[in-house]
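Inspection log for the structure reproduced underneath, given as structure tokens.
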Amino acid sequence: MSQDANADCTAMLTKISAYLDGDLDAAGCQTIERHCRNCPRCAALVEGLRETIGLCREAGRTPLPEPVRQRAKASIQRLLASEKPSQP
Amino acid sequence: MTKPEDVNPSTEEDAGAVYAGLVREAATGDRDAMERLLMRAQEVAYRFSLLVCGHPQDAEDVMQEALLKTYRYVSRIKEPAAFRTWLYTTVQNACRMKRRRHVGEPSHLTSIEQGATSDDGEAGPVEVEGHTRPADQLVMDAWLSGRLRQALKTLPPSYRMIVVLREMEGLSTREVAGVAGISEANVKTRLHRARVLLRQALEGV
Numbered sequence: 196m197s198q199d200a201n202a203d204c205t206a207m208l209t210k211i212s213a214y215l216d217g218d219l220d221a222a223g224c225q226t227i228e229r230h231c232r233n234c235p236r237c238a239a240l241v242e243g244l245r246e247t248i249g250l251c252r253e254a255g256r257t258p259l260p261e262p263v264r265q266r267a268k269a270s271i272q273r274l275l276a277s278e279k280p281s282q283p
Numbered sequence: 016m017t018k019p020e021d022v023n024p025s026t027e028e029d030a031g032a033v034y035a036g037l038v039r040e041a042a043t044g045d046r047d048a049m050e051r052l053l054m055r056a057q058e059v060a061y062r063f064s065l066l067v068c069g070h071p072q073d074a075e076d077v078m079q080e081a082l083l084k085t086y087r088y089v090s091r092i093k094e095p096a097a098f099r100t101w102l103y104t105t106v107q108n109a110c111r112m113k114r115r116r117h118v119g120e121p122s123h124l125t126s127i128e129q130g131a132t133s134d135d136g137e138a139g140p141v142e143v144e145g146h147t148r149p150a151d152q153l154v155m156d157a158w159l160s161g162r163l164r165q166a167l168k169t170l171p172p173s174y175r176m177i178v179v180l181r182e183m184e185g186l187s188t189r190e191v192a193g194v195a196g197i198s199e200a201n202v203k204t205r206l207h208r209a210r211v212l213l214r215q216a217l218e219g220v
């Protein structure tokens, strides 16, 4: 890999997360996409991070285990039955 | 009418607005809104205890703390939009206090922010390995991919908190900065490093 290519890769690294979060402008996105077309390593990194973010977001949507939810609901009912809400 | 919880927020701002709506309605005495809000508070406490602090044995106590504090706080809140930051900060503090009690209130208090130093030189939450009871382990295994949990454990704790708050809990960069007590720029830096480390860990699991 040439020094220029390495420099491009280093410059891109600092912007990948902004790119994936949609925080880059159109020109910035195009720069990254153009680089990735010619650099399999960076393309793999972008794809890997995209998958990682997706995995985390999917996990964040997973409901709590049912036994835990049931205990949480029971706690809420006990609390609301035992305390009168304070007035604003 | 669509209830706040029925909305599927597509952005962090939407999610914050859903919470704010629930807070406003609960504060006016809407029991249904209060129940939804209290359930969310406990869900946050459960996930934070397990994923950030790594103490499944503390989860139920931290949930109880989040439940009571949210209930008492709702009628006093002046800025419903700031509720999420308040909630995660409260849960973080509850985890910290729980750890203090576990270690018998030594003069050198254990907190989830101290004990570990990240590669940007800032102290991060202490790395912990909970002595997980078999029952807790079973519940967790059924709940969340073991692969992801194992990978999360390998992150420096301060990075783990950022990635959980941002990616899994869906907080905005500003909200994460408020909970973690760092700048938004620092949140972005840590988040990027955390993503790279997490990806490497996932490939190795």
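In the order they appear, the protein sequences are chains Z and W. Residue 196 is where the first sequence starts when you use this note's numbering, and the numbers rise one by one after that. Residue 16 is where the second sequence starts when you use this note's numbering, and the numbers rise one by one after that. Each residue gets a CB set at the ideal place from its N, CA and C atoms; glycine is no exception.
(1) Flag this pair as touching only if the region 72–79 of chain W and the region 87–97 of chain W have three or more C-beta atom pairs under 8 Å; answer yes or no.
(2) Please identify, using Cβ separations under 9 Å, the residues of the region 182–201 of chain W that lie next to chain Z, in order along the chain.
(3) Give the straight-line distance between the Cα atoms of G44 (chain W) and Y86 (chain W), rounded to the nearest whole angstrom.
(4) Does the Cβ of T247 (chain Z) have 16 or more other Cβ atoms within 10 Å, making it buried, or fewer, making it exposed?
(5) Can you pull the chain Z residues whose beta carbon is under 7 Å from the beta carbon of V178 (chain W), in chain order?
(6) Since E182 (chain W) contacts C251 (chain Z) with CB under 8 Å, what's their CB separation in whole angstroms?
(7) Do the CB positions of M112 (chain W) and E80 (chain W) come within less than 9 Å of each other?
(8) Between which two residues does the alpha helix (DSSP H) containing D76 (chain W) stretch?
(9) For the pair the region 256–272 of chain Z and the region 198–210 of chain W, tell me if three or more CB-CB distances fall below 8 Å.
(10) Please report the distance separating the alpha-carbon of K168 (chain W) from that of M176 (chain W).
(11) Tell me the DSSP secondary structure of R46 (chain W) in three-state form.
(12) Any C-beta of chain W sitting closer than 9 Å to the C-beta of I227 (chain Z)?
(13) For a contact defined as C-beta to C-beta under 9 Å, what are the partners of K203 (chain W) on chain Z?
With the structure as the only source:
(1) Flag = no, the region 72–79 of chain W and the region 87–97 of chain W do not touch.
(2) Within the region 182–201 of chain W, the residues whose Cβ lies closer than 9 Å to some Cβ of chain Z are E182, M183, E184, G185, T188, listed in chain order.
(3) Here residue 44 (chain W) refers to the residue found at position 29 of the second sequence. Here residue 86 (chain W) refers to the residue found at position 71 of the second sequence. Roughly 11 Å separates the two Cα atoms.
(4) Here the question's residue 247 (chain Z) lines up with position 52 in the first sequence. Label assigned to T247 (chain Z): buried.
(5) Translated into positions along the second sequence, residue 178 (chain W) becomes position 163. Within 7 Å Cβ-Cβ: C251.
(6) Residue 182 (chain W) sits at position 167 when you count from the first residue of the second sequence. Residue 251 (chain Z) sits at position 56 when you count from the first residue of the first sequence. Yes, E182 (chain W) and C251 (chain Z) are in contact; Cβ-Cβ is about 4 Å, under 8 Å.
(7) Within the second sequence, the letter at position 97 stands for residue 112 (chain W). Within the second sequence, the letter at position 65 stands for residue 80 (chain W). Going by beta carbons, M112 (chain W) and E80 (chain W) fall inside the 9 Å limit.
(8) Numbered from its first residue, the second sequence carries residue 76 (chain W) at position 61. Its alpha helix (DSSP H) spans residues 74–89.
(9) Contact fails: fewer than three Cβ-Cβ distances are below 8 Å.
(10) Walking along the second sequence from the start, residue 168 (chain W) turns up at place 153. Walking along the second sequence from the start, residue 176 (chain W) turns up at place 161. Taking the straight line joining both Cα atoms gives about 11 Å.
(11) As a first step, residue 46 (chain W) is located in the second sequence; it is residue number 31 there, counting from the start. Collapsing the DSSP output to three states places R46 (chain W) in a helix.
(12) Walking along the first sequence from the start, residue 227 (chain Z) turns up at place 32. Judged by the 9 Å Cβ criterion, I227 (chain Z) is not in contact with chain W.
(13) Taking the first residue of the second sequence as position 1, residue 203 (chain W) is located at position 188. The answer, in chain order, is S212, A213, D216, D218.
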